[in-house]
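Top to bottom, those sequences are chains A and B. If you count the first sequence from 1, position 200 lands on 200 in this note's numbering, and the numbers rise without skipping. If you count the second sequence from 1, position 7 lands on 1007 in this note's numbering, and the numbers rise without skipping. Beta carbons: idealized from backbone N, C-alpha and C, even for Gly. Computed from a predicted structure; not experimentally measured.
Protein chains: 2
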Amino acid sequence: MVSDSSPAKVPCSERGSSIIDPLLTGLRSGDRRALAKAITLIESSREDHRERAEILLAQALPYTGASLRLGISGVPGVGKSTFIEALGLMLVAQGHRVAVLAIDPSSRIHGGSILGDKTRMEQLASHPAAFIRPSPSSGTLGGVAARTREAVLLVESAGFNIVIVETVGVGQSETAVADLTDLFVLLQLPHAGDDLQAMKRGVMEWADLIVINKSDLDPEAAALAQSQIAMAQRPTHLGQAPDVLRLSALRGEGLHDFWDRVQHQAAALRATGRFDQRRQEQWRAWMWDLIHARLMAKFCAHPAVHEALRPIENAVVEGQMLPTEAVKKLMRLFEPSSPSTH
Amino acid sequence: MVSDSSPAKVPCSERGSSIIDPLLTGLRSGDRRALAKAITLIESSREDHRERAEILLAQALPYTGASLRLGISGVPGVGKSTFIEALGLMLVAQGHRVAVLAIDPSSRIHGGSILGDKTRMEQLASHPAAFIRPSPSSGTLGGVAARTREAVLLVESAGFNIVIVETVGVGQSETAVADLTDLFVLLQLPHAGDDLQAMKRGVMEWADLIVINKSDLDPEAAALAQSQIAMAQRPTHLGQAPDVLRLSALRGEGLHDFWDRVQHQAAALRATGRFDQRRQEQWRAWMWDLIHARLMAKFCAHPAVHEALRPIENAVVEGQMLPTEAVKKLMRLFEPSSPSTH
């Protein structure tokens, strides 16, 4: 629930407003309830909530950016929850503060959630230095990803220095996660066979680290998969071939090694400037996503377009007019009205 | 190559132009070279080619729509080419004319092609009643899908009554294919284990038919997978649970049964009106995709936006301005100029 302690009237929607949102004060002081409320606020689609969310985010901006953002993906059954819980517990024991967010490509048809189970990661969830937030339960993948981007900023401003963004390995959610994290980790099963090769130019291309989990189940298959994947790799978008390693999250084997590699990769990226470069690209992509959304809203609200849209759309839907022709007509109507024609 | 037999000057870009493009005459008379040229034309991004392509498509429109459009997906290694070739040969032997198009989510980084191998399906490719066209080798997934939608119309106007659109099971290309076909078929390996369950609410949701290929390799695993998938199914977007069947394309086992099911499903969909309904939705989606693209182009070309874009984008990229704030500023500049302010 969004607190009703919101400023009664927001005097100015510009960044730098002198009235500091009490939620920010809460965030900065480590109040977990304030953090939960702030995330609920940014997830709200109510217009007044949205306005307040934007001011809050602008005020939080100077306190963001210092965390390591880690994306983790893999098909259901690969052991993501076990892996994240084991990793998270190791990290909080080392003094880190760990936030876990999720992007769940909820069914476009059934509205279900693959990741939404709140009972997962119970041990980590109850740790004072950890914060776990399931994916927003509604909205398009794009909308969910946008909310998650904002949630990353909020947890950073609340002092979490490691942010894990989790997603399942279906559809396009991996690229959404890769697009908002610093390092992208792909979990694999030891005996995926064909699929490993299959993926090598798809999702694997986005991976900075490939982890063969459940390696204890079939050590031989895991070793084979490791060498196959390692051979198949080419430099990623970050300019280096991804590490491939085996571990067993359930047994806690290989987690320290995993974390060493993460730190090593992050350090290497920072040293070459690629770390910052990637974050810059992510800010840019976020901006363009928003532009897309706003343009569409503006188009639909344009009076002449609004009036002509239904009949033209109907002709298209009935197969009587090609979409290309329809769009040409509609775009002509969308032209800004010039004074001489009125 | 696009023929230089194009009308020297296109007098009018409206549909219904009285000058019939010679390519259409070729298409309609079953000239395969004309079809190949027409597809090359629609794949071209040259502006004059694009104009001619749109007229050609508008002229071809009355002759389209009569085929059954079948989408086929599955990870590399699942045996798509073998399956499509075996199916295609069976269908041409029955008197059908079969066109095979491909949507290949070419690597966003390396520009490679997973499906582009022209030596595939050699027997089918050389059959006079078949036409095989690899995916456009460049462009975004959206662009490739748009070209494929147009190619479907062209092969239909050339008299092909079965159009197979193939894609690999990575990324979002399955939904692109499902969005332009009447029935979507997902190929699976018999021993995919966890992954089968994994996919059941992702891509499987789009499948009207699930085929466990290579069932001869491990009949027991295939039977188990079949029953697991069948149990896990829920009604799809077409309102019925997908059929799950086993076959071996390599041995030619199960293909007749597969085709019976396809025909049965298509008939059922036609009887309930869902067949047409789905095509209507596809026309609509195509229109909106185009609107998206045109709006973005218009935005970027707007003088005030163009001037302000770089500094604002730089502030965003440097983390000094939130994308939300930046977009608010840019959208204000994009407002149609009102006479009173000049």
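Backbone CA spacing between residue i and residue j [nearest angstrom]
i: Val1100 of chain B; j: Thr1167 of chain B; result: 11 Å
i: Asp1194 of chain B; j: Asp1243 of chain B; result: Here Asp1194 of chain B scores only 45 on pLDDT, less than 50, and its place in the model is too uncertain to base an answer on.
i: Phe1160 of chain B; j: Met1121 of chain B; result: 18 Å
i: Phe1083 of chain B; j: Asp1289 of chain B; result: 31 Å
i: Arg32 of chain A; j: Gly26 of chain A; result: 8 Å
i: Glu1313 of chain B; j: Glu325 of chain A; result: 33 Å
i: Leu1023 of chain B; j: Val1163 of chain B; result: 20 Å
i: Asp21 of chain A; j: Gly79 of chain A; result: 39 Å
i: Leu89 of chain A; j: Gln228 of chain A; result: 31 Å
i: Ala1066 of chain B; j: Ala230 of chain A; result: 48 Å
i: Ser215 of chain A; j: Ile1210 of chain B; result: 30 Å
i: Ala986 of chain B; j: Thr1181 of chain B; result: What the structure shows of chain B is the stretch from 1001 to 1342, and residue 986 of chain B is not part of that stretch, so it cannot be assessed.
i: Val177 of chain A; j: Arg52 of chain A; result: 26 Å
i: Leu1124 of chain B; j: Gln1094 of chain B; result: 14 Å
i: Gly1319 of chain B; j: Pro1311 of chain B; result: 13 Å
i: Ile291 of chain A; j: Phe1299 of chain B; result: 9 Å
i: Leu1196 of chain B; j: Arg1278 of chain B; result: With a pLDDT of 49 at Leu1196 of chain B, under the threshold of 50, the predicted position of this residue should be treated as unreliable, though the coordinate-derived value follows. Answer to the nearest angstrom: the Cα atoms are 26 Å apart.
i: Leu247 of chain A; j: Val316 of chain A; result: 54 Å
i: Arg133 of chain A; j: Glu43 of chain A; result: 12 Å
i: Ser373 of chain A; j: Met287 of chain A; result: Chain A is shown from 1 up to 342; residue 373 of chain A falls before or after that span and cannot be answered.
i: Trp77 of chain A; j: Asp218 of chain A; result: The sequence given here places Gly at residue 77 of chain A; Trp does not occur at that position. If you take the alpha carbons of Gly77 of chain A and Asp218 of chain A, they lie about 15 Å apart.
i: Ser1173 of chain B; j: Ala1060 of chain B; result: 26 Å
i: Ala301 of chain A; j: Gly142 of chain A; result: 21 Å
i: Val327 of chain A; j: Ala308 of chain A; result: 11 Å
i: Gln280 of chain A; j: Glu1335 of chain B; result: 28 Å
i: Arg1046 of chain B; j: His306 of chain A; result: 31 Å
i: Arg1098 of chain B; j: Glu1150 of chain B; result: For clarity, residue 1098 of chain B is Val in the given sequence; the question names Arg instead. Straight-line Cα distance between these residues: approximately 16 Å.
i: Phe131 of chain A; j: Leu1224 of chain B; result: 40 Å
Beta-carbon gap between residue i and residue j smaller than 8 Å
i: Ala58 of chain A; j: Leu1322 of chain B; result: yes
i: Ile1103 of chain B; j: Ala1145 of chain B; result: yes
i: Val152 of chain A; j: Arg28 of chain A; result: no
i: Val155 of chain A; j: Leu35 of chain A; result: yes
i: Ser1188 of chain B; j: Gly1074 of chain B; result: Before going on, a small fix: residue 1188 of chain B reads as Gln here, not Ser. Their beta carbons are under 8 Å apart, which means Gln1188 of chain B touches Gly1074 of chain B by this criterion.
i: Ala221 of chain A; j: His191 of chain A; result: yes
i: Ala1304 of chain B; j: Leu1333 of chain B; result: yes
i: Val1092 of chain B; j: His1049 of chain B; result: no
Sequence-distant residues of the same chain with beta carbon closer than 7 Å to residue i, five excluded per side
i: Ala1086 of chain B; result: Ala1249, Gly1252, Leu1255
i: Ala1038 of chain B; result: Leu1023, Leu1027, Leu1056, Leu1154
i: Val1002 of chain B; result: In this prediction, Val1002 of chain B has a pLDDT of 43, which is less than 50 and means its spatial position is unreliable; nothing more can be read from the coordinates.
i: Thr1175 of chain B; result: Trp1206
Close beta carbons around residue i, own chain, < 8 Å, minus the five adjacent residues each side
i: Asp1179 of chain B; result: Ala1145, Gln1282, Ala1285
i: His1096 of chain B; result: Ala1129, Asn1161, Ile1162
i: Ala1266 of chain B; result: Leu1068, Asp1182, Leu1183, Phe1275
i: Ser1013 of chain B; result: Low per-residue confidence applies at Ser1013 of chain B: pLDDT is 36, beneath 50, and the placement is therefore not dependable enough to give any value.
Beta-carbon neighbours of residue i, restricted to chain B and to distances below 8 Å
i: Ala102 of chain A; result: Within chain B, no residue comes near Ala102 of chain A; the closest Cβ sits about 15 Å away, beyond 8 Å.
i: Gly65 of chain A; result: Gly1319
i: Leu330 of chain A; result: Ile1291
Residue i: CB within 7 Å of a non-hydrogen atom of the ligand SAH
i: Ile1042 of chain B; result: Annotation note on the ligand SAH: not contained in the displayed structure, which lists no ligands.
Neighbour list for residue i in chain A, Cβ cutoff strictly below 7 Å
i: Pro1323 of chain B; result: Trp283, Trp286, Met287, Leu290
i: Ala1058 of chain B; result: Leu322, Glu325
i: Leu1295 of chain B; result: Leu295, Met296, Phe299
i: Glu1313 of chain B; result: Arg284, Met287
i: Val1316 of chain B; result: Trp283, Arg284, Met287
Proximal residues to residue i (C-beta, below 6 Å), its chain only, five neighbours per side dropped
i: Tyr63 of chain A; result: Ser157
i: His1110 of chain B; result: Bear in mind that a pLDDT of 41 at His1110 of chain B, under 50, signals an unreliable position, so the number given afterwards is only what the model happens to contain. If we look at His1110 of chain B and ignore the five residues flanking it on each side, it has no Cβ neighbours.
i: Gly1071 of chain B; result: Val1165, Val1177, Ala1178, Thr1181, Phe1184
i: Ser81 of chain A; result: Arg120, Met121
i: Thr148 of chain A; result: Leu101, Ile103
i: Arg226 of chain A; result: Reading off the sequence, residue 226 of chain A comes out as Gln, not Arg. Only Ile212, Val244, Arg246 meet the Cβ criterion.
Partners in chain A for residue i, counting only beta-carbon separations shorter than 8 Å
i: Phe1131 of chain B; result: Result: empty, since nearest Cβ-Cβ is about 22 Å, beyond 8 Å.
i: Glu1054 of chain B; result: Leu322, Thr324, Glu325
i: Leu1255 of chain B; result: Result: empty, since nearest Cβ-Cβ is about 22 Å, beyond 8 Å.
Chain A residues whose Cβ lies nearer than 9 Å to that of residue i
i: Leu1061 of chain B; result: Gly319, Gln320, Met321, Leu322
Chain B residues whose Cβ lies nearer than 7 Å to that of residue i
i: Gln188 of chain A; result: By Cβ distance, chain B contributes nothing, its closest Cβ being about 11 Å from Gln188 of chain A, past 7 Å.
i: Gln123 of chain A; result: None at all; the shortest Cβ gap to chain B is about 24 Å.
*Taking contact to mean at least 3 C-beta pairs separated by less than 8 Å, is the stretch 1295-1311 of chain B in contact with the stretch 257-273 of chain A?*
Segment contact: the stretch 1295-1311 of chain B against the stretch 257-273 of chain A, fewer than three CB-CB distances shorter than 8 Å; contact not assigned.
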